[in-house]
Each structure stands twice: as C-alpha cells, then as structure tokens.
Ligand code: 13P
Ligand code: SF4
C-alpha cells in the first residue's frame, strides 16, 4: 500500500515535471520519495537552480515561501498549508519596522526561518549553516539578528561583532536542558555530542560540534567516531542512521519533536501532485525585496 503510493508519487512527479524537496526533519517515508533532502541552505540553493516547473516542498511554510521568492515563475506546492514554524511567527513585519525605525542604519540579518514580509525588510538572510559568514560579510559595528536569540548569541560568540537579537527561539531546540544532555553523556561517555545552533548557549557550550542538520550528517559520515548524541529535532536520526548504518546515534532528548515537521503524509504529497495545490505564492511587493535578501545570502 505504502509502496504503491510512493510509486504513484514518483510517476506523477515525472509526468508533471515536478521536483520534490524535503527537509532533513521530515518523516522517513517522505524523505524516501524526495529528489533531494537537505538543510535550509541546500534546499534554497536547489530550489533556485531547478529546471522543474513545479516544486513540491515537504517542510514548513517559510521554506515553501523561500522557494517562491527565488522562483516566481514556478508553481510551489506545500502539501499541508498548516505546517508552520512557531519561531517564524515570533517576529512580525510591524514589530520589526518599529525596531528598524529606532536605528535605520543598523543592518538586519534575518534567519530564513521567517515569513516573507519579514525577509522583505531585511539586509541579508542567513541559515544555521552560514550565519557566521553572513555576519562577517557586513561592514557595520552593530547588527540586528532576527528572530532566533540562540542563533544570534552563538553567532556573536563566533565573530567580533556586536549583535542585537530579537527575543524569538525554536521551542523544540530551546527546551533541550543541560540535565537531559548530561544524562545522555553519562549513558554514552564515548559519544560525540553534536548540537544545533538553535539550542541555548549553555547547551552549545557542552557540545563537541555545533552545526546545521546537514553539517551533522556530513560530520557523522566522515568522522572516525562511532557514536553520537544528536542535539536537534529527532527526525534527523533517520538520515543519520541511513547514511552510517554501522554507527550509533542517540537523541539528546526524545522531547525534541517538531509537530509541524511531521504534518505532511504521503497521501498529502500525492493529492498535492494530482491537484497541483495547495500553492504558496509570495506577492510581488514582498517578493522583490525578500529576493534581494535571499540572493545576497546565496551569492555569499
Ligand atoms: P537547518 O536544517 O538549516 O539546520 O534548519 C533547522 C530547522 O530548524 C529548520 O526548521
Ligand atoms: Fe520551526 Fe523549530 Fe520546527 Fe524548525 S524545528 S520548523 S525552527 S519550530
């Protein structure tokens, strides 16, 4: 039954000239039918380069918006429109405008985990894979980073810049406690602890490696170490284990589950391809300035 749906999805994707992109946190069945799985940066770059007429985005709303920003001539489908990101909703364009008005000269670096109207107010975007490079590319004494306070603090510690941060966070990463990490470190003393920069600073200080989801995949594959504690959303355990079947991966905490990242099912993807809906389309008045912010990041 599941295999039948997967076959129908792949056949329809081919017939309709569609590419299926999936974030590394998506459920295993979704990752298996995708043309490309990746972190936010890899997926944005792939979306900007595809020759396909339709992009089916298996992730959350801001990711489909980013694809629409980069590829206005393509149809971008998000199989479940209610797959959102609580962190992206922690900054609104109205609130950001007020903050910018207080210091119009200060560059604004916006994490891609944000809505298109917020990106439209931004100097340049960043992801968890390139925030340090992005900050270093700016020639300004002080920079505002939105919406993730944890990514901003991590980036500030890695650069010599003064960074003001917005008070947002990813609830899934922010709730990882030092006690939970300590428990896993005691249970697996030989394991390397990898943490995502969306975790709190006290967690990052306990980590052997701080990187994006694809950074973790690369490191686990290439490292001589055999076991790893994974400080990010639990969906990443599937591609980690698949890429390195002989190695051991332990979640830093079973609590790190993002419900929005689990909403899309195979049936949703199939329906999306049949009806070429639901579509995410960013209006031109937001898209043009947001495109500049995303383009500057990709060009870096
Ligand atoms: P990356 O895959 O870019 O590290 O992003 C993590 C994330 O929280 C996406 O929602
Ligand atoms: Fe948003 Fe966090 Fe879920 Fe990623 S894991 S979609 S940042 S709430």
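Residue numbers (this note's numbering): 8 to 307. For glycine and all other residues, C-beta sits at the position ideal for the given N, C-alpha and C. Predicted model, so just to flag it, every value in this text is computed and none were measured.
request  = In angstroms with no decimal places, state the Cα-to-Cα distance between residue 278 and residue 73.
outcome  = By 1-based counting over the chain shown, the position of residue 278 is 271. By 1-based counting over the chain shown, the position of residue 73 is 66. Their Cα atoms are separated by approximately 22 Å.
Span of the alpha helix (DSSP H) around residue 212 = For this step, residue 212 is matched to residue 205 along the chain shown. Where residue 212 is concerned, there is no enclosing alpha helix (DSSP H), because DSSP gives it neither an H nor an E.
Ranges of the beta strand (DSSP E) found wholly within the segment 180-238, counting only runs of at least 3 = Within the segment 180-238, complete beta strand (DSSP E) segments of at least 3 residues are found at 199-202, 234-238, given in chain order.
task = List in chain order the residues whose CB is within less than 7 Å of at least one heavy atom of the ligand SF4.
result = Here the residues close to the ligand SF4, judged by CB distance below 7 Å to any of its heavy atoms, are 32, 67, 92, 93, 94, 95, 120, 177, 178, 179, 180, 205, 240, 265, 267, 268 in chain order.
key: First through last residue of the beta strand (DSSP E) which encompasses residue 29   = Here residue 29 is taken as the residue at index 22 of the chain shown, counted from 1. Taken as a continuous stretch (DSSP letters only), the beta strand (DSSP E) holding residue 29 covers 25-30.
ask   = Going by beta carbon distance, what residues of the same chain come within less than 6 Å of residue 215, once the five residues before and after it are set aside?
value = The residue given as residue 215 occupies position 208 in the chain shown. If we look at residue 215 and ignore the five residues flanking it on each side, its Cβ neighbours are 199, 200.
query = Does the segment 171-183 touch the segment 145-158, meaning 3 or more C-beta pairs lie closer than 8 Å?
reply = Remark: three or more beta-carbon pairs, one from each stretch, lie closer than 8 Å, so the segment 145-158 and the segment 171-183 are flagged as touching.
message = Given 8 Å as the limit, tell me if residue 134 has its C-beta closer than that to any heavy atom belonging to the ligand 13P.
response = Walking along the chain shown from the start, residue 134 turns up at place 127. Yes, the ligand 13P has a heavy atom inside 8 Å of this Cβ.
For residue 128, the nearest candidate out of 293, 29, 283, 167 (CA to CA) = On the chain shown, residue 128 is found 121 positions in, with the first residue counted as 1. Considering only alpha carbons, the answer is 293.
Status (buried if at least 16 other CB within 10 Å, exposed otherwise) for residue 57 = As a position in the chain shown, residue 57 is number 50, starting the count at 1. That one is buried.
Inside the segment 41-124 only - alpha helix (DSSP H) runs reaching at least 4 residues = Runs found: 47-56, 68-77, 100-109.
message = Which residue wins for smallest C-alpha separation from residue 32, given the options 65, 305, 115?
response = Position 25 of the chain shown holds residue 32. Of 65, 305, 115, the residue nearest in Cα terms is 65.
Reduced DSSP category for residue 171 - H, G, I as helix; E, B as strand; rest coil = Residue numbering aside, residue 171 sits at position 164 when the chain shown is read from its first letter. Assignment of residue 171 by DSSP, reduced to helix, strand and coil, places it in the strand class.
inquiry  = Here's the rule I'm using: 16 or more other beta-carbon atoms within 10 Å means buried, otherwise exposed. How should residue 172 be labelled?
reply    = By one-based count along the chain shown, residue 172 stands at place 165. Burial state of residue 172 is buried, judged by a 10 Å Cβ sphere holding 16 or more other Cβ atoms.
request  = Could you name the residues of the same chain whose beta carbon sits closer than 8 Å to that of residue 270, not counting the 5 residues immediately before and after it, in chain order?
outcome  = Numbered from its first residue, the chain shown carries residue 270 at position 263. Excluding positions up to five away in sequence, the list reads 87, 89, 90.
request  = Measure the C-alpha to C-alpha separation of residue 296 and residue 205 and round it to an integer number of angstroms.
outcome  = Taking the first residue of the chain shown as position 1, residue 296 is located at position 289. Taking the first residue of the chain shown as position 1, residue 205 is located at position 198. Whole-angstrom Cα-Cα distance: 26 Å.
request  = Rounded to whole angstroms, what's the CA-CA distance from residue 298 to residue 252? Just pull it up for me.
outcome  = For the purposes of this step, residue 298 is taken as the residue at position 291 of the chain shown. For the purposes of this step, residue 252 is taken as the residue at position 245 of the chain shown. As the crow flies, the alpha-carbon of residue 298 is around 39 Å from that of residue 252.
Counterpart residues of residue 153 in DSSP-defined beta bridges = For the purposes of this step, residue 153 is taken as the residue at position 146 of the chain shown. Its beta-bridge partners are 117.
ask   = Does DSSP put residue 261 in a helix, a strand or coil?
value = Along the chain shown, read from residue 1 onward, the residue named residue 261 stands at position 254. It is coil, neither helix nor strand.
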